[in-house]
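Numbering (this note's numbering), first residue to last: 536 to 692. Down below is the structure, laid out as structure tokens.
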């Protein structure tokens with residue numbers, strides 16, 4: 536009986552391995568689930584509209600170049616989702632032609648006095664934007680999970 540159970544277990548393991556080989560894992564499955572570059576652009580457009588109208592956080596964005604923020608968010612979401620984009624981490628310096636120097640998350644957010652409540656409101660707005668564009672919840676959760684560790688660099692108050 537023990538031999539039979541081992542044989543059955545081995546057969547099931549082999550069968551499941553072959554089944555997995557039939558559907559190859561793709562690193563950009565989250566990217567595809569978000570709708571690719573165009574889907575991410577639409578989600579980000581909606582997201583930026585939501586954060587600039589959300590009474591809990593809209594005042595935090597009054598002095599921001601929202602067009603530049605939108606572009607950086609698209610890059611970030613695309614890269615974190617496994618897409619072909621590269622998040623530059625740069626900001627637009629209005630006093631200079633082109634793009635300013637590279638700044639990390641902690642440096643960019645250090646003087647903004649962002650609280651956990653503000654961070655959570657922003658995350659909620661991102662989830663709403665993805666829902667409005669019919670992103671499957673499993674895909675939305677994957678992106679949120681990639682972004683969540685940044686909370687410790689962004690929340691400063």
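The beta-carbon is built from N, C-alpha and C at its ideal position, and this holds for glycine as well. Remember, it's a predicted structure, so these values are computed and weren't measured experimentally.
How far does the alpha helix (DSSP H) with residue i in it extend, from its first residue to its last?
| i | result |
| --- | --- |
| residue 574 | 571-588 |
| residue 566 | 564-568 |
| residue 679 | 672-682 |
| residue 601 | 601-615 |
| residue 655 | 651-667 |
Kindly indicate which residue of the options has the alpha-carbon position closest to the one of residue i.
| i | options | result |
| --- | --- | --- |
| residue 565 | 600, 690 and 665 | 665 |
| residue 581 | 618, 650, 660 and 621 | 660 |
| residue 578 | 676, 692, 680 and 670 | 670 |
| residue 663 | 598, 613 and 676 | 676 |
| residue 618 | 680, 574 and 668 | 574 |
| residue 603 | 680, 614, 622 and 615 | 622 |
Using the Cβ count rule (16 or more neighbours within 10 Å means buried), how would you classify residue i?
| i | result |
| --- | --- |
| residue 610 | buried |
| residue 656 | buried |
| residue 653 | buried |
| residue 672 | exposed |
| residue 629 | Bear in mind that the predicted position of residue 629 carries a pLDDT of just 41, short of 50, making it too unreliable to give a figure here. |
Since I believe residue j is in contact with residue i (beta carbons under 8 angstroms), could you give me their beta-carbon distance rounded to a whole number of angstroms?
| i | j | result |
| --- | --- | --- |
| residue 674 | residue 571 | Not quite, the Cβ-Cβ distance comes to about 12 angstroms (not below 8 angstroms), so this is no contact. |
| residue 606 | residue 650 | Residue 606 to residue 650, Cβ: 26 angstroms. No contact. |
| residue 681 | residue 615 | 4 angstroms |
| residue 601 | residue 587 | 6 angstroms |
| residue 599 | residue 678 | That pair is no contact at about 22 angstroms. |
Using 8 angstroms as the cut-off, can you tell me whether the segment 584-602 makes contact with the segment 675-689, which would need three or more C-beta pairs spanning the two stretches below that distance? no
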